[in-house]
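> Each residue of the sequence shown is one higher than the one before, starting from 42 at the first, in our numbering. Beta carbons: idealized from backbone N, C-alpha and C, even for Gly. So that we are looking at the same thing, I have put the structure below in structure tokens.
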Amino acid sequence: MKKILLSVFLISAVMSINVFSDEEKALAVKDDPFVTEILNAHNKFRTELNIPPLKWSDKLAKNAKVWADRLAAQRRMYHSSGTGEGENLWMGTSGYYSITQMVDAWGGEKKFYKHGVFPNVSSSGNWADVGHYTQIIWSNTTEVGCAKSSGGGYDYFVCRYSPPGNYLRQKAY
Numbered sequence: 042m043k044k045i046l047l048s049v050f051l052i053s054a055v056m057s058i059n060v061f062s063d064e065e066k067a068l069a070v071k072d073d074p075f076v077t078e079i080l081n082a083h084n085k086f087r088t089e090l091n092i093p094p095l096k097w098s099d100k101l102a103k104n105a106k107v108w109a110d111r112l113a114a115q116r117r118m119y120h121s122s123g124t125g126e127g128e129n130l131w132m133g134t135s136g137y138y139s140i141t142q143m144v145d146a147w148g149g150e151k152k153f154y155k156h157g158v159f160p161n162v163s164s165s166g167n168w169a170d171v172g173h174y175t176q177i178i179w180s181n182t183t184e185v186g187c188a189k190s191s192g193g194g195y196d197y198f199v200c201r202y203s204p205p206g207n208y209l210r211q212k213a214y
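Shown next, in the form of structure tokens:
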């Protein structure tokens with residue numbers, strides 16, 4: 042009988058771990074200033090175009106953290122490959138820039154954006170001049186997760202997006 046009670050107790054304890062409703066998870070995200078700032082910074086650009094807001098993804102954030110840590114350790118900036126996720130990278134003097142300023146650096150590319158079929162989306166003729174911005178506003182993208190790491194006097198900020206954007210022969214919205 043003691044073994045049965047212990048088994049029931051252990052099963053109950055294991056099942057109670059990480060059993061949160063979507064509403065409880067949303068409230069936890071809402072209470073995290075880092076996450077809130079990231080979502081607000083991204084979604085202001087989407088709101089301007091009546092594109093639904095991005096939602097936070099812990100999975101994308103974990104993937105972004107692994108990459109941000111790697112960039113900081115190597116003191117280099119380069120995109121990952123083969124992740125199946127969209128990706129924006131930023132690097133700047135450690136502790137000097139806010140998350141909003143980091144995202145705004147990408148969003149500032151909108152001054153070169155012209156609505157069209159990708160890659161013909163930049164007034165400069167080079168889609169890379171607006172590629173961070175188009176990833177932010179890509180209407181099929183629904184989730185974002187970001188992370189920041191520091192190394193060598195620099196902050197490395199990585200955001201991952203799902204589904205990814207910047208597809209050839211498609212419009213951002």
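Looking at C-beta atoms only, is the number of pairs between the region 100 to 117 and the region 167 to 183 that lie closer than 8 Å three or more?
no
> Below 7 Å CB to CB, which residues in the same chain sit around residue 110 once its five sequence neighbours on both sides are set aside?
Position 69 of the sequence shown, counting from 1, holds the residue named residue 110. Cβ neighbours of residue 110 beyond the five flanking positions: 190.
> Looking at C-alpha atoms only, which residue of 73, 174 and 126 is the closest neighbour of residue 146?
As a working mapping, residue 146 is identified with position 105 in the sequence shown. Out of 73, 174 and 126, 174 has the C-alpha closest to the C-alpha of residue 146.
> Give the C-beta separation of residue 158 and residue 212 to the nearest angstrom, bearing in mind that I take them to be a contact with Cβ-Cβ under 8 Å.
Within the sequence shown, numbered from 1, the residue matching residue 158 stands at position 117. Within the sequence shown, numbered from 1, the residue matching residue 212 stands at position 171. Going by Cβ atoms, the distance from residue 158 to residue 212 rounds to 6 Å, so yes, they are a contact pair.
> Excluding the 5 residues preceding and the 5 following residue 188 in the sequence, name in chain order all residues of the same chain whose CB lies nearer than 7 Å to its CB.
Taking the sequence shown and counting its residues from 1, one reaches residue 188 at position 147. Answer for residue 188: 102, 105, 106, 109 and 199, listed in chain order.
> Straight-line CA distance for residue 136 to residue 116?
Start at 1 with the first residue of the sequence shown, and residue 136 comes out as number 95. Start at 1 with the first residue of the sequence shown, and residue 116 comes out as number 75. The straight-line gap from Cα to Cα measures roughly 16 Å.
> Only counting the same chain, and skipping five residues up and downstream in sequence, which positions put a Cβ closer than 6 Å to that of residue 77?
Counting from 1 along the sequence shown, the entry for residue 77 is found at position 36. No residues qualify anywhere along the chain.
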